[in-house]
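Peer 1: Respectively, the protein sequence lines represent chains Y, W, H, E, V and U. For the first sequence, the working numbering puts the final residue at 815, and the numbers step up evenly by one. For the second sequence, the working numbering puts the final residue at 815, and the numbers step up evenly by one. For the third sequence, the working numbering puts the final residue at 815, and the numbers step up evenly by one. For the fourth sequence, the working numbering puts the final residue at 815, and the numbers step up evenly by one. For the fifth sequence, the working numbering puts the final residue at 815, and the numbers step up evenly by one. For the sixth sequence, the working numbering puts the final residue at 815, and the numbers step up evenly by one. Glycine included, every Cβ here is placed at the ideal spot set by N, Cα and C.
There are 6 protein chains.
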Amino acid sequence: MGKSTTLDIVFTAPHPDDLEIGSGGTIASLVKQGYRVGMVHMTNGEPTPYGDPDTRMKEMRAAADVLGAQVCENLGLTNRVLMDGPEPRFALASVLRKYKPRVLVGIAGRTVAASPDHYQAQLITEATRFYSQLTKWNERFDDTEPHPIDHLVYRPIARSAGAGGFGAQFVVDITATIDQKIEAIACYKSQFPGERFRRLEHYVRSLAGYEGGGCGYEYGELFALPRPIGVTDPLALLGKWPVPSIVDRPRF
Amino acid sequence: MGKSTTLDIVFTAPHPDDLEIGSGGTIASLVKQGYRVGMVHMTNGEPTPYGDPDTRMKEMRAAADVLGAQVCENLGLTNRVLMDGPEPRFALASVLRKYKPRVLVGIAGRTVAASPDHYQAQLITEATRFYSQLTKWNERFDDTEPHPIDHLVYRPIARSAGAGGFGAQFVVDITATIDQKIEAIACYKSQFPGERFRRLEHYVRSLAGYEGGGCGYEYGELFALPRPIGVTDPLALLGKWPVPSIVDRPRF
Amino acid sequence: MGKSTTLDIVFTAPHPDDLEIGSGGTIASLVKQGYRVGMVHMTNGEPTPYGDPDTRMKEMRAAADVLGAQVCENLGLTNRVLMDGPEPRFALASVLRKYKPRVLVGIAGRTVAASPDHYQAQLITEATRFYSQLTKWNERFDDTEPHPIDHLVYRPIARSAGAGGFGAQFVVDITATIDQKIEAIACYKSQFPGERFRRLEHYVRSLAGYEGGGCGYEYGELFALPRPIGVTDPLALLGKWPVPSIVDRPRF
Amino acid sequence: MGKSTTLDIVFTAPHPDDLEIGSGGTIASLVKQGYRVGMVHMTNGEPTPYGDPDTRMKEMRAAADVLGAQVCENLGLTNRVLMDGPEPRFALASVLRKYKPRVLVGIAGRTVAASPDHYQAQLITEATRFYSQLTKWNERFDDTEPHPIDHLVYRPIARSAGAGGFGAQFVVDITATIDQKIEAIACYKSQFPGERFRRLEHYVRSLAGYEGGGCGYEYGELFALPRPIGVTDPLALLGKWPVPSIVDRPRF
Amino acid sequence: MGKSTTLDIVFTAPHPDDLEIGSGGTIASLVKQGYRVGMVHMTNGEPTPYGDPDTRMKEMRAAADVLGAQVCENLGLTNRVLMDGPEPRFALASVLRKYKPRVLVGIAGRTVAASPDHYQAQLITEATRFYSQLTKWNERFDDTEPHPIDHLVYRPIARSAGAGGFGAQFVVDITATIDQKIEAIACYKSQFPGERFRRLEHYVRSLAGYEGGGCGYEYGELFALPRPIGVTDPLALLGKWPVPSIVDRPRF
Amino acid sequence: MGKSTTLDIVFTAPHPDDLEIGSGGTIASLVKQGYRVGMVHMTNGEPTPYGDPDTRMKEMRAAADVLGAQVCENLGLTNRVLMDGPEPRFALASVLRKYKPRVLVGIAGRTVAASPDHYQAQLITEATRFYSQLTKWNERFDDTEPHPIDHLVYRPIARSAGAGGFGAQFVVDITATIDQKIEAIACYKSQFPGERFRRLEHYVRSLAGYEGGGCGYEYGELFALPRPIGVTDPLALLGKWPVPSIVDRPRF
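#1: Taking only runs that begin and end inside the segment 614–699 of chain E, name each unbroken beta strand (DSSP E) of 3 or more residues, in chain order.
#2: On the criterion of 16 or more Cβ atoms from any shown chain inside 10 Å, does L800 (chain E) qualify as buried, or is it exposed?
#3: Quick test of your reading: I712 (chain Y) and P664 (chain Y), contact by CB under 8 angstroms. State the CB separation rounded to the nearest angstrom.
#4: By alpha-carbon positions, which one of U:G776, U:T606 and U:L763 ends up nearest to G779 (chain H)?
#5: Which residues, taken in chain order from the segment 688–702 of chain H, show a beta carbon closer than 8 angstroms to some beta carbon of chain W?
#6: Tell me the DSSP bridge mates of G601 (chain W)?
#7: Would a check of beta-carbon distances place P649 (chain H) closer than 8 angstroms to chain W?
#8: Spell out whether any CB of chain U is found under 8 angstroms from the CB atom of C635 (chain H).
#9: Buried or exposed for P813 (chain W), going by 16 or more other Cβ atoms inside 10 Å?
#10: The ligand GDP heavy atoms versus the CB of E636 (chain H): any closer than 7 angstroms?
#11: Taking R599 (chain W) as the reference, give the member of W:P610, W:G631, W:A749 and W:D581 with the closest Cα.
#12: Buried or exposed, going by whether 16 or more other CB atoms sit within 10 Å of the CB of G597 (chain H)?
#13: Decide if the segment 580–588 of chain E is in contact with the segment 733–750 of chain E; the criterion is three or more beta carbon pairs, one per stretch, under 8 angstroms apart.
#14: Give the straight-line distance between the Cα atoms of P579 (chain H) and L638 (chain H), rounded to the nearest whole angstrom.
#15: Classify R619 (chain U) as buried or exposed, calling it buried when 16 or more other Cβ atoms lie within 10 Å of its own Cβ.
#16: Secondary structure at I741 (chain U), three-state DSSP: helix, strand or coil?
#17: Mind listing which residues of the segment 709–720 of chain U have their C-beta closer than 8 angstroms to chain Y's C-betas, in chain order?
#18: From this set, H:S769, H:T589, H:G588 and H:S753, which residue's C-alpha is nearest E609 (chain H)'s C-alpha?
#19: Do you know offhand how far I687 (chain U)'s Cα is from G669 (chain Y)'s?
#20: Use the C-beta contact count for E650 (chain W): other C-beta atoms within 10 angstroms, 16 or more gives buried, fewer gives exposed.
#21: Is G802 (chain Y) helix, strand or coil when you go by DSSP?
#22: Please tell me whether P664 (chain E) has its Cβ less than 8 angstroms away from any Cβ of chain H.
#23: Would you say P709 (chain H) and Q696 (chain H) are within 8 angstroms of each other, going by their C-beta atoms?
#24: By the criterion of Cβ-Cβ separation under 7 angstroms, what are the contact partners of E781 (chain W) in chain Y?
#25: From the DSSP output, which residues share a beta bridge with A787 (chain W)?
#26: For the beta strand (DSSP E) containing G793 (chain W), list its first residue and its last residue.
#27: Please list, in chain order, all residues of the same chain as F760 (chain E) whose beta carbon is under 7 angstroms from its beta carbon, the five residues on each side excluded.
#28: For a contact meaning CB atoms closer than 7 angstroms, what does M620 (chain E) contact in chain W?
#29: Exposed or buried, which one is T606 (chain H) when buried takes at least 16 other CB atoms within 10 Å?
#30: Taking only the alpha-carbon atoms, compute the straight-line gap between L770 (chain U) and I741 (chain H) and give it to the nearest angstrom.
#31: Please report whether the beta-carbon of R643 (chain Y) lies at a distance below 8 angstroms from any beta-carbon of chain V.
#32: Would you say V675 (chain U) faces chain Y, with C-beta separation under 8 angstroms as the test?
#33: Over the uninterrupted alpha helix (DSSP H) stretch that includes R703 (chain Y), give me the two end residues.
#34: Buried or exposed, going by whether 16 or more other CB atoms sit within 10 Å of the CB of D571 (chain H)?
#35: S723 (chain H) and G672 (chain H): beta carbons closer than 8 angstroms?
#36: Can you check DSSP and say which residues form a bridge with T606 (chain Y)?
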């Protein structure tokens, strides 16, 4: 994996395994289509019951290899106590200014029954899209040049609080890469041993079947945009979406 | 299947196969737990591309047998042109006053890309819960006596418009009856031939995995109540819900 | 204007002038891009204070000519008392089965301070998308063949009740056709005499400036889809949208 | 009570006792302030378990007398089967065109556990505000002249479905008329005998204490507008509202 | 009051008097039913116009005695400047790991016209439910062992911003303990002198009458869960809720 | 411009030019009506591509002069890294306690595609309304006395996330001051050079035309209140709003 190349798109999340579980199918699909994709994990996700930092970093890199991401970085922020503020914004923006992606993907939603890091990561990601383009501040960002990012995309966490009010949602067909996604998650053996992996795989496949089903795909991943999509040719927008015939629809 | 007994709960929907797809796992589970369950289809669901009225009625009864429902009735209203109004309300309420269930379950949501019957069925069901208890109107209801129904429960159609703003939602664990649910759907051979059944089974299992996953179940079905739940002992309410340990949670 | 050709897209609304005010810029833009576009008005919109049926029909056709729509039809339903039900659904679906568009565009929203026809038109349009594909019912639709429509698109009425909960929204750039839109509205001289037209033009331009501004366009029209957009290549979806540089953004 | 005078404001609801329970305090307060107020009940509300049409009409008039309403009319539509459509709209609009109020108040919300008449009454009321101003249709409205109504105001039913998305809400201080409101409700002896009245009074006082409490009033009634309020002097708008000092606030 | 025993449930809020006003009836009811209940106040709530720290602490303990809570603790965080972050999370989680409750109850909502502490307390409480179960971090939590908490429950602040989108809501019947709740609030003489207490009691009784009324109780307190409730037997869930007969319903 | 006088209303926002773009028409209108108005900018808004601190301060004062604001202050907090917390709250509250306004206006909404300062400013403003009235803390506020502010008003940022759930919205007619507003924005030559100003003016006029149009004004600015408006005379509330006749309405 190279490190200083320009990327088309960067996915970010707080803990190694968040990206694979949330967006692994889309990452793999984009790589297959020839795009250059980066994965940026904010923390090492440790400590956890059965993990340790070295193992987790190895698992992270193995998962990125399975998905084919050209770049996989870790910001080294502290797990469990991630808080939005200038420093984590500088850290993430420096990476974005280095790789100059057109699109930044972050998670959305307050997982009130799980880690508070998720919502803080959303706030950090939103701010960082703005920071990436700021002028006269290069010293805050490892002397990188300003880089405006075209689009901020959310990966909403299913059933989380505060994920909503989006301008547009879209579902990426991951039927061809669902197995690759499961394989990438399986790299995190320290996190999902035995029966736990079986349960997670069942849930991840179910969620992908549900999210994809809304657009006629066998498996899909749902994303959201803060604003409506802008188009000149709306029929081209709709035409690219292979609507299933009535015979194939789940309900009618 | 007897016809004049008292029931604990009645499920209703416009077309034969709606109830099996939406609530089949819960119907089967309730029957197993010893409750008396009724299924009331509003129309015969025909015409459809490959079905005909006789075949559809046979499929409907076969599906009810698979689920074990004690009562399965069809109101004989007209498919495709179901409209809320006094007559369909009288028809449904007459059945409710005959079987005297404590709970009535209807579908919720405007399926803007599918049949308009679904939303009209929701309006009819809401009105009928009220009609069931009305006095001095027995002649409108086949001379049945007034019967107040304790609870109106919704089965929200996934991703439909207008399903929301509920007072409470709950998920029924259908892990033990998911196969029975699939078997009941399979009775509708005229509706889901070959590949179409394979796709539907995949979607139905995915949705059940997604809805169940929110409460730690392998498979579940989501329902909703128009008002908050009333309790004297909230710890008993929560205590009955076997929260998965951290090892079993999909995400943490 | 021919009458029996196949169309790419059909726009429908209850009263002549609704389509021009709501979607005129998009209709003109699609025609310019080579698509075949139909306009279907449900009623003649009369009586009104200064109009009469003959004049209104002439204005309707003149406006369609200004926009370049290949087909302009009027269902002849009764203004002011439009109610969702089988008959208006048959009337609209018959036209759709004749012209076989891939996309159907209807208005969305309950204009509680204006005509109740708008919300009824939404319900009729939603149902009609389903009716268009129904088999074994050709006699209800002037002996036309079933035609499945790929997409139902909404044109949400600004500030109306009940318009929301959409799966995705998009804005069509109408900068190049805003003047054509205003010209089409101006055809309705019986509806917008003198000062009234001046005020309406000001409001229509303001709304288009506001809706377009959200996507960096000088003028735009906002549309919505009931479901998320399905994509294989999300970067292509986003890449087609010319995000303005920071210098051109209204706020930063 | 005169019958052909002009009114300032008209309140409407489907069943005699709805208006008193929902808006009785505001009606009494407006009368005290010198406004001319009308109450228009759509049906006679019968049959009910302990009522009959003659008794209910007497109770209705007694309640209007307690509140001091200048006009109290009943449209004579049929209880329990109220459905939105041209005829009930003509009936209500004819009364509005006769009394020419500036403001029309209707209920809002789908009481899914109670009468379906409530939601149909909302749809009828919304449509009627539009019908009231229509020209060239006098014969549909008892030969009355068109009358534009300045404002449609909602009285949202607490906890009902579908009441929301308003442009503005306001609370009327009814501290001085809460007893009059209770007295008006007490006129409906056929509906609220003994213990039932005690429970209703408790609930009505609680709701008024809750709704008033949001604005620092001892008792209040909440209303809503479909659009934002238009003002030239926003400080005058806010200045008329006697905000309680910190010592009087329920929470701080 | 003992201090090191295991508890069934812990209620937490930022200022002494928040818990009594919000959840006092439920706390007293749970104690009566034999549960072990803890109250954890985050700050001493001072300074205020008429209070001082010593008096407020005495009032806090007197109120806990009135309600019968087995444990009453104060985290000693600073009033008026409460901010979510690692330190307050460690403080609250240490108490939870000591008492090992199955359920944690926190407030929900941004009181934009009152103290910013309320929303920060919500964020702290959400994070702490997660912190309570964390392994390999005992030194951050006074050397306590990890303790997974089954349920996070919210007490939504009436009319506050941001309280919504819950998975389920329930109302606890506090008819038998409303007087005890009022008595507990009355312990805070420094906060609610004379007329101010009279107004607060009126508002608190009104809110309890309103919230209870939605489920047929004379007085109730509303709570919410982030996720739907999981059940095996939905009829048992509904059966425990004594729905009032039609004669007792406030409206029908 | 004097500096120690009492003010009627204070508007606050993070960057010089935010207030002019968002509320310039209302500020100018209030001054014309004889009110004393203050503008409080939290930061100097620099660095930006073409600005510098001295220039920006001069532009800020020039803009305040154009609008006629009696007071224009800058808190000197740091642009781009504004974070809610005690210190910025103290800074803003000290100014409020000095000028003692009855009303405080802040921005609302998370501009996820722009500066994170906007949402932090909302949190700071909400907290500050509470801080302004706090007793026994004068030393934190430059030895100023407590001052309770009657109303917190929001200026929602169009299309921003999280702006919603308001108790009431109102639109101020700025038809008479729209040119003054544009002139004030034009003072910020460093921010909006050439073509950029032309585009901004187009968008600002469009937004004002859209927001005003909802209440029948040629140009307006939309504001929101966290709670419903309290009134004694609702007809006076509605009567002050000059509803346009049917001839002037954009749609009917």
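Peer 2: Well, looking at it:
#1: 634–640 and 666–671
#2: On the fourth sequence, residue 800 (chain E) is found 237 positions in, with the first residue counted as 1. Its Cβ being crowded by 16 or more others within 10 Å, L800 (chain E) is buried.
#3: Locating residue 712 (chain Y) in the first sequence gives position 149, counting from the first residue. Locating residue 664 (chain Y) in the first sequence gives position 101, counting from the first residue. Yes, I712 (chain Y) and P664 (chain Y) are in contact; Cβ-Cβ is about 6 angstroms, under 8 angstroms.
#4: For the purposes of this step, residue 779 (chain H) is taken as the residue at position 216 of the third sequence. Ranking the options by Cα distance to G779 (chain H), first place goes to U:L763.
#5: E689, A690, R692, F693, Y694, L697, T698, K699 and W700
#6: As a working mapping, residue 601 (chain W) is identified with position 38 in the second sequence. According to DSSP, which records beta bridges pairwise, G601 (chain W) is partnered with W:V573 and W:V634.
#7: The residue labelled residue 649 (chain H) in the question sits at position 86 within the third sequence. Judged by the 8 angstroms Cβ criterion, P649 (chain H) is in contact with chain W.
#8: Here residue 635 (chain H) is taken as the residue at index 72 of the third sequence, counted from 1. For C635 (chain H), the answer is no, since every Cβ of chain U falls outside 8 angstroms of its Cβ.
#9: Looking up residue 813 (chain W) in the second sequence gives position 250. Residue placement at P813 (chain W) is flagged as unreliable, the pLDDT there being 39, under the threshold of 50; the coordinate-derived value follows with that caveat. With 16 or more Cβ atoms within 10 Å of its Cβ, P813 (chain W) is classed as buried.
#10: Ligands are entirely absent from the displayed structure, and the ligand GDP is therefore not among its contents.
#11: Here residue 599 (chain W) corresponds to residue number 36 of the second sequence, with the count starting at 1. Cα-wise, what sits closest to R599 (chain W) is W:G631.
#12: Within the third sequence, residue 597 (chain H) is the residue found at index 34, counting from 1. Exposed.
#13: Output reads yes: the segment 733–750 of chain E touches the segment 580–588 of chain E.
#14: To locate residue 579 (chain H), count along the third sequence from 1; it is residue 16. To locate residue 638 (chain H), count along the third sequence from 1; it is residue 75. Approximately 11 angstroms between the Cα atoms of the pair.
#15: Here residue 619 (chain U) refers to the residue found at position 56 of the sixth sequence. Label assigned to R619 (chain U): buried.
#16: On the sixth sequence, residue 741 (chain U) is found 178 positions in, with the first residue counted as 1. Note: I741 (chain U) maps to helix in three-state DSSP.
#17: none
#18: Along the third sequence, one-based indexing puts residue 609 (chain H) at 46. Closest by alpha carbon: H:S753.
#19: For this step, residue 687 (chain U) is matched to residue 124 along the sixth sequence. For this step, residue 669 (chain Y) is matched to residue 106 along the first sequence. Cα to Cα, I687 (chain U) sits roughly 25 angstroms from G669 (chain Y).
#20: As a first step, residue 650 (chain W) must be located in the second sequence, where it is residue number 87. E650 (chain W) comes out exposed.
#21: For the purposes of this step, residue 802 (chain Y) is taken as the residue at position 239 of the first sequence. Three-state result, G802 (chain Y): helix.
#22: On the fourth sequence, position 101 is the one that residue 664 (chain E) refers to. P664 (chain E) does not count as touching chain H.
#23: Along the third sequence, one-based indexing puts residue 709 (chain H) at 146. Along the third sequence, one-based indexing puts residue 696 (chain H) at 133. Yes, Cβ-Cβ distance for P709 (chain H) and Q696 (chain H) is below 8 angstroms.
#24: In the second sequence, counting from the first residue as 1, residue 781 (chain W) sits at position 218. Those are H765, listed as they occur along chain Y.
#25: By 1-based counting over the second sequence, the position of residue 787 (chain W) is 224. A787 (chain W) is bridged to W:Y717 and W:Q732.
#26: Here residue 793 (chain W) refers to the residue found at position 230 of the second sequence. Unbroken beta strand (DSSP E) run through G793 (chain W): I792 to V794.
#27: Along the fourth sequence, one-based indexing puts residue 760 (chain E) at 197. Beyond the five residues adjoining it in sequence on each side, F760 (chain E) comes within less than 7 angstroms, by CB distance, of A749 in the same chain, given in chain order.
#28: Counted from its first residue, the fourth sequence places residue 620 (chain E) at position 57. Listed along chain W is no residue with a C-beta nearer than 7 angstroms to that of M620 (chain E); the closest approach is about 17 angstroms.
#29: Working through the third sequence from its first residue, we reach residue 606 (chain H) at position 43. Under this definition T606 (chain H) is a buried residue.
#30: For the purposes of this step, residue 770 (chain U) is identified with residue 207 of the sixth sequence, where counting begins at 1. For the purposes of this step, residue 741 (chain H) is identified with residue 178 of the third sequence, where counting begins at 1. Each residue's alpha carbon lies about 17 angstroms from the other.
#31: For the purposes of this step, residue 643 (chain Y) is taken as the residue at position 80 of the first sequence. Output row for R643 (chain Y): interface = yes.
#32: Taking the sixth sequence and counting its residues from 1, one reaches residue 675 (chain U) at position 112. Yes, V675 (chain U) counts as interfacial toward chain Y.
#33: To locate residue 703 (chain Y), count along the first sequence from 1; it is residue 140. For R703 (chain Y), there is no enclosing alpha helix (DSSP H), as DSSP gives it neither H nor E.
#34: In the third sequence, the residue the question calls residue 571 (chain H) occupies position 8. Looking at its Cβ environment, which holds 16 or more other Cβ atoms inside 10 Å, D571 (chain H) is buried.
#35: Against the third sequence, residue 723 (chain H) aligns to sequence position 160. Against the third sequence, residue 672 (chain H) aligns to sequence position 109. In this structure, G672 (chain H) lies closer than 8 angstroms to S723 (chain H) by Cβ.
#36: If you number the first sequence from 1, residue 606 (chain Y) lands on position 43. Bridge partners of T606 (chain Y): Y:L640.
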